[in-house]
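S.K.: In our numbering, the protein residues as written are 204 to 390.
1. Taking three-plus beta-carbon pairs below 8 Å as touching, is the segment 355–369 in contact with the segment 309–319?
2. Between residue 220 and the rest of its own chain, which residues show a CB-CB distance below 7 Å, the 5 nearest in sequence each way excluded?
3. Looking only at its chain, what residues have a beta carbon closer than 6 Å to the beta carbon of residue 302, apart from the 5 residues adjacent to it on each side?
4. Quick check: the Cα distance between residue 263 and residue 218, rounded to an integer number of angstroms?
5. Cα separation between residue 393 and residue 351?
6. Using only the alpha-carbon positions, how far apart do residue 345 and residue 329 sit?
7. Are there 16 or more other CB atoms within 10 angstroms of the CB of residue 364, so buried, or fewer, so exposed?
8. Given that a residue counts as buried once 16 or more other Cβ atoms are within 10 Å of its Cβ, and exposed if not, what is residue 313?
9. To the nearest whole angstrom, what separates the beta carbons of residue 256 and residue 377, a pair I think is in contact under 8 Å?
10. Check each candidate in 274, 215 and 334 and name the one with the smallest Cα separation from residue 247.
11. Could you tell me which residues DSSP puts in a beta bridge with residue 226?
12. Specify the secondary structure class of residue 314 as computed by DSSP and reduced to three states.
13. Thinking C-alpha only, which one of 372, 269 and 297 is nearest residue 404?
14. Which one of 213, 348, 325 and 311 has the shortest CA to CA distance from residue 333?
15. Give the DSSP-derived three-state secondary structure of residue 335 in the structure shown.
16. Where residue 322 and residue 282 are concerned, what is the direct C-alpha to C-alpha distance, given to the nearest angstrom?
17. Where residue 223 and residue 258 are concerned, what is the direct C-alpha to C-alpha distance, given to the nearest angstrom?
18. State the start and end residues of the unbroken alpha helix (DSSP H) segment that holds residue 167.
19. Does DSSP classify residue 254 as helix, strand or coil?
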């Protein structure tokens, strides 16, 4: 691709992909062999163009196996891209389809880990932010519960709280309300 036919990236976009191909790899060996010989047999999506602006809500809708989760995995860097990959701002919150809570930590510690890992230092501010987010998802009395002690819906709400705790610019969610009851799904 010549630089002359590429438009400049939009500085206001929170996510921008241009002509991206997304590949699914079963293991690192296959990825290494792909990069060596240019195979395209594992391509999931091609010619992906996506621009998302602040405040925009974007839904990915499609059949099972159509590449929705692969696109999300690409956005949060679980699936690799070729060198001409996406322009992303890295303030992303992620709600995984299977929760991905840290099983050796309680709800509070799961959220605390995210804040510490993203540079928060003031313990009082950390505790205040965690309380605020747990209140948002109606888990304010579950902060000391381990993930296995929570129902499926409570685990999902804990995963949503984890995604929101750092006030992300972008929230990626893979079937975020699949395990919630109708009352919590609406909230």
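Backbone N, C-alpha and C fix where the C-beta goes; we use that ideal spot for every residue, glycine too.
M.R.: Reading it off the structure:
1. Short answer: they touch.
2. In its chain, beyond the 5 residues on either side, 251, 252, 253 and 289 have a beta carbon closer than 7 Å to the beta carbon of residue 220.
3. Only 358 and 362 meet the Cβ criterion.
4. The alpha-carbon atoms of residue 263 and residue 218 are separated by roughly 14 Å.
5. Because residue 393 is not part of the residues shown, which for the chain are 204 to 390, the question remains open.
6. Using only the alpha carbons, I get a separation of about 17 Å.
7. Answer is buried; the Cβ neighbour count reaches 16.
8. Looking at its Cβ environment, which holds 16 or more other Cβ atoms inside 10 Å, residue 313 is buried.
9. The pair is not a contact, with the Cβ atoms about 21 Å apart (cut-off 8 Å).
10. Nearest C-alpha to residue 247: 274.
11. According to DSSP, which records beta bridges pairwise, residue 226 is partnered with 246.
12. The answer is helix: DSSP assigns residue 314 an H, G or I state.
13. The requested residue 404 is not part of the displayed model; the chain covers only 204 to 390.
14. Ranking the options by Cα distance to residue 333, first place goes to 311.
15. DSSP places residue 335 in helix when its eight states are reduced to three.
16. Their Cα atoms are separated by approximately 25 Å.
17. Near 23 Å, if we compare the C-alpha coordinates of residue 258 and residue 223.
18. Nothing can be reported for residue 167, as the shown portion of the chain is limited to 204 through 390.
19. When secondary structure is reduced to three states using DSSP, residue 254 falls in the strand class.
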